[in-house]
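Residues 85 to 347 in the working numbering are what the sequence shown spells out, letter by letter.
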Amino acid sequence: MTASSAKPVLVFDSGIGGLTVLREARVLMPERHFTYVADDAGFPYGGWEEGALKARLIDLFGRLLAKHDPEICVVACNTAFTLAGSDLRAAFPDMRFVGTVPAIKPAAERTRSGLVSVLATPGTVRRAYTRDLIHSFARRCEVNLVGSEKLARMAEAYIRGEPVADAAVRGEIAPCFVEEDGRRTDIVVLACTHYPFMANVFRRLAPWPVDWLDPAEAIARQARRLVPPLDGVAPGEDIAVFTSAGPDFATCRLMQSFGLRVV
85 MTASSAKPVL VFDSGIGGLT VLREARVLMP ERHFTYVADD AGFPYGGWEE
135 GALKARLIDL FGRLLAKHDP EICVVACNTA FTLAGSDLRA AFPDMRFVGT
185 VPAIKPAAER TRSGLVSVLA TPGTVRRAYT RDLIHSFARR CEVNLVGSEK
235 LARMAEAYIR GEPVADAAVR GEIAPCFVEE DGRRTDIVVL ACTHYPFMAN
285 VFRRLAPWPV DWLDPAEAIA RQARRLVPPL DGVAPGEDIA VFTSAGPDFA
335 TCRLMQSFGL RVV
């Protein structure tokens, strides 16, 4: 296959947090072009009823695949993939999906204290998928699930350059830090792709140093394994699609800074 005949890599998120994954994917797949899709009309996913959100995702991907015909779909959203990943694969068996799940296995392998926290959305915390990951890979650890109602919105604001109060952020991350029998939490899994954009803020406000585990690079590596390399550099442009069809000026400017044309 030549670059001129290449299909795009589709990166999907509920909002703009999936840009963390896009950033890593571009490094590993420089010859590919990308279509970034933000379901901002449905954001945030944390408060959705599961059946309604699953139906929305199946319907939305049906339209996205028909319109953009991607080589592969990277679902850069923990809430979406832990809920509907298997359903998407069943509904679209000819498409390859790379999912995003909480990085509980690598956290369990790296922790020294045995105290691990998972900072996520309420939807991801509720998922049986998340509990199964803990049962399969972290039974020797004490895993503290922290479902933040507000942090995804804060991260969206922060990414756009809007001010976010330290006290508000500190209140959302505080439950991640546990002290028990002389041990302290030493790893916090960032189980929402929005959160790595605020990692420096988290580090500054944390009561003690921890490893903030960002899964973006691992997701990009998996996508690279599944996408065939091309001869030459892809000439196609990278675009951003918003389901609301009306992103604000700050969001459009952010997309431009990532080299994405909003369509």
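We put the beta carbon where it would ideally sit given N, CA and C, even for glycine.
The model shown is predicted, which means the values in this text are computed figures rather than measured ones.
Of the choices Ala150, Pro186, Ala192 and Gly101, whose alpha-carbon is the least far from that of Glu240? As a working mapping, residue 240 is identified with position 156 in the sequence shown. Looking at the Cα atoms, Gly101 is the closest of the given residues.
Skipping 5 residues on each side, what residues in its chain have a beta carbon closer than 7 Å to that of Asp332? On the sequence shown, position 248 is the one that residue 332 refers to. Excluding residues within five positions, none has a Cβ falling inside 7 Å.
Neighbourhood of Lys91 by C-beta, 7 Å cutoff - its chain only, sequence neighbours within 5 removed: The residue you call residue 91 lines up with position 7 of the sequence shown. Excluding its 5 nearest sequence neighbours in each direction, Lys91 has C-beta neighbours in its own chain below 7 Å: Asp153, Pro154 and Glu155, listed in chain order.
Between the Cα of Thr205 and the Cα atoms of Val248, Ile323, Val285 and Ile257, which residue gives the shortest distance? Along the sequence shown, one-based indexing puts residue 205 at 121. Ranking the options by Cα distance to Thr205, first place goes to Ile257.
For Thr119, the three-state DSSP class (helix, strand or coil): The residue labelled residue 119 in the question sits at position 35 within the sequence shown. Correct three-state label for Thr119: strand.
Go ahead and pull the three-state DSSP assignment for Val283. In the sequence shown, the residue the question calls residue 283 occupies position 199. Inspection of the sequence shows that residue 283 is occupied by Ala rather than by Val. It is helical.
DSSP three-state assignment for Gly99, whether helix, strand or coil: As a position in the sequence shown, residue 99 is number 15, starting the count at 1. Three-state result, Gly99: coil.
Under a three-way DSSP split, which group does Leu199 fall into? Start at 1 with the first residue of the sequence shown, and residue 199 comes out as number 115. Three-state result, Leu199: strand.
Count Cβ pairs between the segment 107–122 and the segment 307–316 that sit closer than 8 Å; are there 3 or more? Because the criterion of three Cβ pairs below 8 Å is met, the segment 107–122 and the segment 307–316 touch.
Tell me which same chain residues have a C-beta within less than 7 Å of the C-beta of Leu97, skipping the five on either side of it? Your numbering for residue 97 matches position 13 in the sequence shown. According to the sequence displayed, residue 97 carries Asp and not Leu. Taking Asp97 as the centre and dropping the five residues before and after it, the same chain places the C-beta of Ala122, Ala160, Cys161 and Thr277 closer than 7 Å to its C-beta, in chain order.
For Phe342 versus Thr104, is the C-beta distance shorter than 8 Å? Counting from one through the sequence shown, the residue named residue 342 turns up at place 258. Counting from one through the sequence shown, the residue named residue 104 turns up at place 20. For the pair Phe342 and Thr104, the CB atoms are not nearer than the 8 Å cut-off.
Going by beta carbon distance, what residues of the same chain come within less than 6 Å of Ala187, once the five residues before and after it are set aside? Numbered from its first residue, the sequence shown carries residue 187 at position 103. Excluding residues up to 5 positions away in sequence, Val273, Leu297 and Pro299 lie with their Cβ nearer than 6 Å to the Cβ of Ala187 in the same chain.
Answer yes or no: do Phe326 and Asp124 have a C-beta to C-beta separation smaller than 8 Å? Residue 326 sits at position 242 when you count from the first residue of the sequence shown. Residue 124 sits at position 40 when you count from the first residue of the sequence shown. Closer than 8 Å, so yes.
Going by alpha carbons, who is nearest to Pro114 out of Thr335, Asp322 and Glu134? Position 30 of the sequence shown, counting from 1, holds the residue named residue 114. Minimum Cα distance to Pro114 is reached at Asp322.
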